[in-house]
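Residue numbers are given in UniProt numbering: position 45 of the sequence shown equals residue 45, and the series is strictly consecutive.
Remarks on the structure that follows.
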Amino acid sequence: RIRTDNGTEFVNQTLRNYYEEVGISHETSAARSPHQNGVVERCNHTLIEAARTMLIYAQALLFL
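Rendered as structure tokens:
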């Protein structure tokens with residue numbers, strides 16, 4: 001089972017075909033309700049902050 005938001009990168013015919021082919025059940029969260037994906041949203045925030053910190057430490061250009 002996989003749960004995603006309603007982004008077009010997750011909800012499209014190509015992925016629907018793949019999910020069906022390999023037996024994956026796909027569920028989507030309600031639109032504009034990030035609280036339904038709280039753990040994932042927090043992990044994403046943590047990863048972005050870590051990447052930003054590494055870029056600053058490496059003195060790279062910051063575009064995040």
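We treat Cβ as the ideally placed atom computed from N, Cα and C, and that holds for glycine.
Treat the numbers as computed from the prediction; the structure is a model and nothing was measured.
Using alpha carbons as the reference points, say which of the options lies closest to residue i.
i, options, result
"Gly-7", "Arg-1, Ser-29, Met-54, Glu-20", "Ser-29"
"Thr-23", "Arg-1, Ala-31, Thr-53, Thr-14", "The sequence shown places Gly at residue 23, rather than the Thr named in the question. Comparing Cα positions, the closest option is Arg-1."
Per DSSP, which one or two residues make a beta bridge with residue i?
i, result
"Thr-4", "Thr-28"
What are the boundary residues of the alpha helix (DSSP H) that includes residue i?
i, result
"Gly-23", "Element bounds for Gly-23: n/a, residue is neither H nor E."
"Ala-51", "38-57"
How many angstroms separate the CA atom of residue i from the CA atom of residue j?
i, j, result
"Arg-3", "His-35", "14 Å"
"His-45", "Ala-58", "20 Å"
"Asn-17", "Glu-9", "14 Å"
"Val-40", "Val-11", "18 Å"
"Ala-50", "Gly-38", "18 Å"
"Leu-55", "Leu-47", "12 Å"
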